[in-house]
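Numbering-wise, the sequence shown is residues 0 to 403 according to numbering that gives the first Met the number 0. Note that beta-carbon positions come from the ideal geometry of N, C-alpha and C, so glycine has one too. A quick write-up on the structure given underneath.
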Amino acid sequence: MNIKNKGSISIEVCLSFIIFISMLLVLTTFIKINIVYQRMQYGVNQVTKEIASYSYLYAASGIMQLNDDLQSQIVKQTETLDNTAEAVLNIYNNFSEINNNHKEDPKKVVNDLKNIGTDASTIFDNIKQLAREPQKLITSLIYLGLEDKLVQIKSQIFASIAESLLPKYLNNKGQNTPKMLRSNLDFSGTRFLEDDESVYIEVKYQYHENLPIFGDITFNLCQSAKARVWLLGDADIAKNYQPGGNQELNSVWQSSNFVRGKKIISNEQKKLKYKVINVSGIHAVKINGKNLEIYRFVTYDSNKPTNKLKQFEKLLTKHINTLSNKVNNLNQLSIQNIKTQKRKVIAIGSNYEITKIVYVVVPEDIDQDELNEMAKKATELAAETKSIKVIIEKGYGNSKHIKE
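Set out below in structure tokens:
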């Protein structure tokens with residue numbers, strides 16, 4: 000009898016030990032996954048912030064304005080580009096703290112950049128090299144922003160930049176990053192300025208763990224980070240401050256695109272009561288019974304020079320296509336009441352009669368003939384889609400500086 004009892008206890012101990020070891024292995028695996036996940040998230044966050052901060056240099060150096068002007072011209076001003084690139088690089092070299100006291104010869108860098116080519120695969124290979132050296136990355140934006148086909152693959156270019164920047168943030172106290180963190184990383188979900196105000200970095204990868212009992216297990220992980228691009232931030236507001244009077248009207252059209260857009264969109268959302276919180280690029284909705292109006296707000300400073308109507312047509316076409324594509328792929332919208340902060344989900348489909356509206360805000364001092372031309376062009380573009388309504392409204396003061 001005693002022998003049987005001892006045998007039972009031995010079996011129970013063995014079973015308990017196996018269960019304990021299994022639980023320990025599972026726990027260890029989840030700890031490893033958590034470490035990998037946290038290190039990756041840190042890296043993605045830092046890369047997103049770094050790319051967002053580069054946009055400030057891109058705007059403040061004048062490259063953004065130069066790029067905007069050249070987009071509307073047929074002839075590429077190569078000499079202007081070269082001189083601008085060299086000037087920007089000279090300024091950048093003066094920041095010894097950023098540059099780690101290492102200076103590049105401007106002419107040499109410019110010559111390297113001019114040879115990056117226009118073939119997509121060539122660009123991606125070269126961008127990965129450029130991204131490791133900030134001064135080259137900044138000046139390369141001068142050249143990457145000019146061709147229409149390069150603009151179309153801008154998100155892919157920045158995905159390559161993100162892939163190159165990530166490894167330096169994944170090292171742990173000088174130790175090399177595990178191979179699985181440096182290979183088979185998918186950045187195809189990365190988006191740059193898709194909503195005209197932010198950079199979104201997304202990385203997908205697999206984590207493999209080989210457990211004695213459970214065998215080889217693969218975990219599919221996806222992590223992301225989003226940050227608004229700096230561009231010029233609030234610098235223009237401070238520069239254009241006018242003592243007295245309505246500061247909002249004095250500054251809104253003279254501030255950076257991001258600041259101006261943010262203020263106007265926020266104000267227009269309040270008028271419509273509900274803002275959209277689950278889809279970037281769709282700003283607000285108006286519900287009237289079974290009628291659902293979906294809005295995308297656009298600001299357009301008509302007092303900027305060079306090919307105004309052509310520039311407006313290009314901008315409006317972009318926003319019409321963006322709104323149309325986003326709504327067509329929607330099943331539901333999450334919206335928030337601006338006043339009460341209450342949220343709700345509305346189903347898209349047979350429940351509502353949907354009207355898609357691109358709402359363009361222009362300065363109050365726009366030339367009337369120009370406004371008429373813009374309205375005519377908007378009607379033509381909207382008619383081509385048969386599903387978009389375009390509204391152009393004047394508001395938020397004048398865009399011309401009080402003192403030139």
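Residue environment, residue i, which counts as buried when at least 16 other CB atoms sit within 10 Å
| i | result |
| --- | --- |
| residue 307 | buried |
| residue 389 | buried |
| residue 265 | exposed |
| residue 268 | buried |
| residue 19 | exposed |
| residue 77 | For residue 77, the pLDDT reaches just 45, beneath the cut-off of 50, and the residue's location in the model is therefore unreliable, leaving the point undetermined. |
| residue 259 | buried |
| residue 189 | buried |
| residue 158 | buried |
| residue 43 | buried |
| residue 172 | Confidence in residue 172 is poor, its pLDDT being 49 and thus under 50, which makes the residue's placement too unreliable to answer from. |
| residue 383 | exposed |
| residue 112 | Residue confidence for residue 112 is low, a pLDDT of 47 falling below 50, so the modelled location carries little weight; the figure read from the coordinates is stated next. With 16 or more Cβ atoms within 10 Å of its Cβ, residue 112 is classed as buried. |
| residue 340 | exposed |
| residue 202 | buried |
| residue 228 | buried |
| residue 22 | exposed |
| residue 17 | exposed |
| residue 25 | exposed |
| residue 15 | exposed |
| residue 253 | buried |
Contact check, residue i vs residue j, beta carbons under 7 Å
| i | j | result |
| --- | --- | --- |
| residue 277 | residue 333 | yes |
| residue 322 | residue 357 | yes |
| residue 355 | residue 387 | yes |
| residue 291 | residue 353 | yes |
| residue 459 | residue 347 | Residue 459 is absent from the structure shown; the chain starts at 0 and stops at 403. |
| residue 283 | residue 299 | no |
| residue 224 | residue 186 | no |
| residue 46 | residue 184 | no |
| residue 359 | residue 393 | no |
| residue 35 | residue 168 | no |
| residue 428 | residue 311 | The shown model of the chain, from 0 to 403, leaves out residue 428, and the question about it has no answer. |
| residue 251 | residue 261 | no |
| residue 397 | residue 363 | yes |
| residue 365 | residue 301 | yes |
Which listed residue (the options) has its alpha carbon closest to that of residue i
| i | options | result |
| --- | --- | --- |
| residue 222 | 207, 41, 164, 344 | 41 |
| residue 279 | 361, 318, 286 | 318 |
| residue 226 | 17, 48, 29 | 48 |
| residue 350 | 281, 286, 43 | 286 |
| residue 325 | 275, 253, 364, 367 | 275 |
| residue 343 | 29, 272, 17 | 272 |
| residue 199 | 329, 51, 363, 26 | 51 |
| residue 29 | 202, 217, 204 | 217 |
| residue 377 | 316, 215, 24 | 316 |
N- and C-terminal bounds of the beta strand (DSSP E) containing residue i
| i | result |
| --- | --- |
| residue 298 | 290-298 |
| residue 335 | 331-336 |
| residue 287 | 283-287 |
| residue 393 | 387-393 |
| residue 345 | 342-346 |
| residue 275 | 273-275 |
Range covered by the alpha helix (DSSP H) that runs through residue i
| i | result |
| --- | --- |
| residue 371 | 367-384 |
| residue 350 | Element bounds for residue 350: n/a, residue is neither H nor E. |
| residue 326 | 307-327 |
| residue 167 | 166-169 |
heavy atom of the ligand FAD below 6 Å from residue i C-beta
| i | result |
| --- | --- |
| residue 314 | This structure does not include the ligand FAD; it has no bound ligands of any sort. |
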